[in-house]
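Enquirer:
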Ligand code: PEP
Ligand code: MN
């Protein structure tokens with residue numbers, strides 16, 4: 007999986023908000039608002055859980071194919087107003103166009119989110135951004151369906167440039183052409199890169215849409231928290247078995263309660279003694295990495311020599327017998343040292359690929375001369 011990491015930093019102007027050390031933001035509620043009873047029953051059950059900060063429900067549903075349940079629309083906003091009134095929880099809905107935003111404001115919705123299918127389209131995002139000008143409301147931006155970090159950042163920028171500075175990025179996984187264990191592939195490297203580029207941008211995880219099935223939600227949530235994400239958006243329905251959308255991934259309020267109780271929210275910093283020891287270990291790692299890089303550079307220099315020598319003697323670059331022997335021998339050494347085989351294989355293949363490419367370049371260069 008490759009994605010471009012060469013993105014220029016610090017184009018977002020974001021308020022410092024939301025992140026209180028040791029706490030996480032939890033947004034919970036059904037995938038879709040289905041009936042007044044379903045919304046209120048679910049909300050009242052969730053409001054019993056002190057760890058839940060925001061109630062969510064989709065009132066306009068982006069469905070892959072026509073004919074299914076498309077959401078209850080404006081009617082659902084009335085139910086959400088009741089949720090707010092009766093439970094005191096702020097409420098969040100998905101918006102996909104200016105009309106949705108107008109309606110959300112009319113009904114006093116507190117948080118908006120932009121769904122993965124909308125984020126892929128800069129026309130839609132621009133339209134939404136224009137409509138948000140002059141409005142002060144927090145906006146959550148899900149990652150686009152496909153693994154394109156630039157597109158995600160582009161949407162965050164457009165919303166931010168409209169003057170919205172309470173923005174939350176939501177990692178909900180990526181569609182991937184190979185079959186995966188989960189509905190969407192988490193591709194953790196993408197939210198990690200977003201966090202590296204924008205350390206002050208709050209980033210939360212939606213484990214429901216990554217998982218697709220409720221049994222993966224705990225482990226995905228824990229992983230997100232271990233990667234220093236600031237919160238979770240989790241789908242919950244008072245009776246998931248009758249849910250009209252995403253039934254397999256929704257949790258009952260009791261199941262959600264169990265998961266929240268099991269989650270470990272780790273600290274980002276420890277005691278002075280811990281920090282000192284960590285610092286020492288990190289210094290060792292820095293030294294080893296410097297050595298590794300220097301050895302790698304030495305290896306590549308020898309590859310240059312081999313490339314020249316093969317060219318002079320008219321010898322093929324790739325020699326399968328040698329490559330097979332190398333792999334076999336190195337994997338054997340690796341097994342003895344306890345290195346993970348899959349990791350080692352990936353690394354050896356990467357180094358070999360680069361070595362072949364260097365030799366190819368040498369051949370081509372000399373042919374042109
Ligand atoms: C949702 O949160 O219900 C939703 C439709 O999510 P996504 O845009 O991530 O698919
Ligand atoms: Mn859903």
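In my numbering, the protein residues as written are 7 to 375. Idealized CB from N, CA, C, for every residue including glycine. Quick caveat, the model's predicted, so the values are computed rather than measured.
CA-CA distance, residue 352 and residue 152?
Expert: Between residue 352 and residue 152, the C-alpha separation is close to 24 Å.
Enquirer: For residue 66, count the other beta carbons within 10 Å of its own beta carbon; 16 or more makes it buried, fewer makes it exposed. Which is it?
Expert: It is buried - the Cβ of residue 66 has at least 16 other Cβ atoms within 10 Å.
Enquirer: With distances taken between CB atoms, is the gap from residue 29 to residue 266 smaller than 8 Å?
Expert: Not a contact, by the Cβ cut-off of 8 Å.
Enquirer: Give the secondary structure of residue 370 by DSSP, where H, G and I count as helix, E and B as strand, and everything else as coil.
Expert: Residue 370 falls in the helix class under three-state DSSP.
Enquirer: Skipping 5 residues on each side, what residues in its chain have a beta carbon closer than 8 Å to that of residue 46?
Expert: Within the same chain, residue 46 has close Cβ partners 85, 88, 89 and 92.
Enquirer: Give the straight-line distance between the Cα atoms of residue 34 and residue 59, rounded to the nearest whole angstrom.
Expert: Distance between the alpha carbons of residue 34 and residue 59: 8 Å.
Enquirer: Pairing CB atoms from the segment 167-177 with CB atoms from the segment 188-208, are three or more of them under 8 Å?
Expert: Contact between the segment 167-177 and the segment 188-208 is present, because at least three Cβ pairs lie under 8 Å.
Enquirer: Could you name each continuous beta strand (DSSP E) segment of 3 residues or more that falls completely within the segment 150-201, going from the start of the chain to the end?
Expert: Segments of the beta strand (DSSP E) lying fully in the segment 150-201: 173-177.
Enquirer: Are the CB atoms of residue 238 and residue 210 within a distance shorter than 8 Å?
Expert: Yes, they are a contact pair.
Enquirer: Using only the alpha-carbon positions, how far apart do residue 70 and residue 76 sit?
Expert: Cα-Cα distance, rounded: 10 Å.
Enquirer: The alpha helix (DSSP H) with residue 82 in it runs from where to where?
Expert: Element bounds for residue 82: 80-93.
Enquirer: I want to know whether the segment 268-277 touches the segment 243-250 - three or more CB-CB distances under 8 Å.
Expert: No: fewer than three Cβ pairs fall under 8 Å.
Enquirer: Please tell me whether residue 362 has its Cβ less than 8 Å away from any Cβ of chain B.
Expert: No chain B appears in this structure, which consists of one protein chain only.
Enquirer: Can you look up residue 238 in the DSSP assignment and give me helix, strand or coil?
Expert: Looking at residue 238 - three-state DSSP - the assignment turns out to be strand.
Enquirer: Please tell me whether, using a cut-off of 7 Å, the distance from the CB of residue 116 to the nearest non-hydrogen atom of ligand 2 is below it.
Expert: No, ligand 2 has no heavy atom inside 7 Å of this Cβ.
Enquirer: Applying the 10 Å Cβ sphere with the 16-neighbour rule, what's the burial state of residue 119?
Expert: So residue 119 counts as buried.
Enquirer: What span of residues does the beta strand (DSSP E) with residue 23 cover, start to end?
Expert: Premise fails: residue 23 is in no beta strand (DSSP E) and is neither H nor E.
Enquirer: Mind checking whether residue 246 and residue 233 have CB atoms under 8 Å apart?
Expert: It is not a contact, given that the beta carbons lie outside the stated cut-off.
Enquirer: Assign residue 244 to buried or exposed, taking buried as 16 or more other Cβ atoms, counted over all protein chains shown, within 10 Å of its Cβ.
Expert: Classification of residue 244: buried, given that the 10 Å Cβ count is 16 or more.
Enquirer: Which residue's Cα is closest to the Cα of residue 161: 168, 125 and 188?
Expert: With distances taken between Cα atoms, residue 161 lies closest to 125.
Enquirer: Cutting at 8 Å between CB atoms, please list the residues of its own chain near residue 347, excluding the five before and the five after it.
Expert: If we look at residue 347 and ignore the five residues flanking it on each side, its Cβ neighbours are 337, 340 and 341.
Enquirer: Am I right that residue 64 and residue 38 are in contact with their C-beta atoms under 8 Å? What's the rounded C-beta distance?
Expert: Right, the Cβ-Cβ distance comes to about 5 Å (below 8 Å), so this counts as a contact.
Enquirer: Does DSSP classify residue 148 as helix, strand or coil?
Expert: Residue state, collapsed to three classes: strand.
Enquirer: Taking the DSSP output, what are the residues bridged to residue 117?
Expert: Per DSSP, 98.
Enquirer: Apart from the five residues just before and just after residue 272, which ones in its own chain have a Cβ nearer than 8 Å to its Cβ?
Expert: Only 231 and 232 meet the Cβ criterion.
Enquirer: Please state the DSSP three-state secondary structure of residue 258.
Expert: Residue state, collapsed to three classes: coil.
Enquirer: Give a single yes or no on whether residue 303 has its beta carbon closer than 7 Å to a heavy atom of ligand 4.
Expert: For ligand 4, the structure offers nothing, since it holds only ligand 1 and ligand 2.
Enquirer: Which partner residues of residue 51 appear in the DSSP bridge assignment?
Expert: Answer by DSSP bridge pairing: none, since residue 51 is not bridged.
Enquirer: If you reduce the DSSP assignment to three classes, tell me which class residue 271 lands in.
Expert: The answer is coil: DSSP assigns residue 271 none of H, G, I, E or B.
Enquirer: Please state whether DSSP places residue 111 in a helix, a strand or coil.
Expert: Helix.
Enquirer: If contacts are defined as beta-carbon pairs under 8 Å, then residue 200 and residue 155 qualify, I think. What distance do you get, rounded to the angstrom?
Expert: Contact holds; Cβ gap of about 6 Å.
Enquirer: Considering only C-alpha positions, which residue in the set 184, 165 and 327 is nearest to residue 147?
Expert: If we check each option's Cα against that of residue 147, 165 comes out closest.
Enquirer: Does the Cβ of residue 124 lie closer than 7 Å to at least one heavy atom of ligand 2?
Expert: Not under cutoff, so the answer is no.
Enquirer: Contact defined as beta carbons within less than 8 Å: I believe residue 205 pairs with residue 52. What is the distance between those atoms, to the nearest angstrom?
Expert: Actually they do not touch by this definition, with Cβ atoms about 31 Å apart.
Enquirer: Taking 7 Å as the cut-off, does the CB of residue 212 come closer than this to any heavy atom belonging to ligand 1?
Expert: Under cutoff, so the answer is yes.
Enquirer: Please indicate yes or no: does the CB of residue 243 lie closer than 7 Å to some heavy atom of ligand 2?
Expert: Residue 243 Cβ: outside cutoff for every heavy atom of ligand 2.
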